[in-house]
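The sequence shown begins at 7 in the working numbering and counts up one residue at a time.
Built from N, CA and C at the ideal position, the CB exists for glycine as well.
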Amino acid sequence: VRLQAYSSSTLFINENFANLQAICIKYDFFPVHGILFDLGLSSLQLNSNGRGFSFQHEAPLDMRLSPNQEVTAADIINTTSEIELAHLIKIYGEESHSHKVAHRIVQERPIKTTLQLAQVIEQAIGSRRGKIHPATRTFQALRIAVNQELDHLEAALRQAINLLGFEGRLVVISYHSLEDRIVKQFMQQESKDCICLPSTGKKSYLIQIACKLAKFCVNEKG
7 VRLQAYSSST LFINENFANL QAICIKYDFF PVHGILFDLG LSSLQLNSNG RGFSFQHEAP
67 LDMRLSPNQE VTAADIINTT SEIELAHLIK IYGEESHSHK VAHRIVQERP IKTTLQLAQV
127 IEQAIGSRRG KIHPATRTFQ ALRIAVNQEL DHLEAALRQA INLLGFEGRL VVISYHSLED
187 RIVKQFMQQE SKDCICLPST GKKSYLIQIA CKLAKFCVNE KG
């Protein structure tokens, strides 16, 4: 509704931003003057019953951002080994009790709903301590794994840098440390004046030096 006045010049595309370059080629969006990535879930998705993103509502363990995706959170929860599950929860959820959570999940499988999973996690690590619900980090980890969010973010950033025109702007809004780390490392890398690729061992023909102008200006104080 808020964009109705701009409907003649606005095109809505329901796509994964990991396919950004293909989208721009298809619709002839060159050069791009500005790109905004607003990462994470929307409140609409969190509050939508049946999607499985929130442990506040009873719903199937889905967590897919797109219904076209094959793997659901239930698939991961009920088929992944305990070791792999603990690793996933630790890396993507930054959960310090990942092994306890994974062990309890494997004991209680099959787990099919959000509230069932939240209860299992509480049994593993205890009830709420502070403002963060004990299931928060595990739910984040599952959502990231289901949707390959970090891989897609890295792909989108690489494509965005090649799509921007002269003095174009790339703005990224991130909400948790995993996204933030990827974005900051990317910005730092692309702000360097010269990138010299390291030696690749005995295959000397692969060694090359690629010099380029910085594509970003990073404010170290900010």
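Per-residue burial, residue i [other beta carbons within 10 Å of its own, 16 or more giving buried]
i    : result
L42  : exposed
A11  : exposed
V126 : buried
T85  : exposed
R8   : exposed
G207 : Reliability of the predicted coordinates at G207 is poor, the pLDDT of 45 falling under 50, and the value obtained from them is presented with this limitation in mind. Under this definition G207 is an exposed residue.
I95  : buried
A28  : exposed
Q146 : buried
Inter-residue Cα distance where the pair is residue i and residue j
i    : j    : result
G171 : E114 : 53 Å
L45  : I179 : 6 Å
H109 : F192 : 35 Å
E196 : Y181 : 22 Å
S133 : S60  : 17 Å
V112 : D68  : 18 Å
A92  : R143 : 12 Å
Q62  : K198 : 45 Å
L176 : A166 : 8 Å
P116 : E128 : 17 Å
R70  : I82  : 12 Å
F18  : K32  : 14 Å
S15  : L169 : 20 Å
E185 : S72  : 20 Å
K137 : E64  : 21 Å
I150 : L156 : 7 Å
P66  : V77  : 13 Å
S13  : S104 : 47 Å
S183 : A124 : 23 Å
S54  : V107 : 26 Å
A80  : K118 : 6 Å
Sheet register partners of residue i (DSSP bridge)
i    : result
T119 : P66
Near the ligand MN: residue i beta-carbon under 8 Å from a heavy atom
i    : result
E173 : What this structure holds is no ligand at all, so the ligand MN is not there to describe.
**Asked** Hey, which unbroken runs of the beta strand (DSSP E) at 3 residues or more fall wholly within the stretch 138-187?
**Response** Here the runs fully enclosed are 170-179.
Okay, do the stretch 95-109 and the stretch 28-39 touch, 3+ Cβ pairs below 8 Å being the bar?
The stretch 95-109 vs the stretch 28-39: no contact.
Indicate whether the contact test is met: 3 or more Cβ pairs, each with one atom in the stretch 7-26 and one in the stretch 158-165, closer than 8 Å. Yes: the two stretches touch, three or more of their Cβ pairs being nearer than 8 Å.
Check your understanding: Could you give the uninterrupted runs of the beta strand (DSSP E) lying entirely in the stretch 33-67, keeping only those of 3 residues or more?
Key -> Unbroken beta strand (DSSP E) runs of no fewer than 3 residues, entirely contained in the stretch 33-67, are found at 38-44, following chain order.
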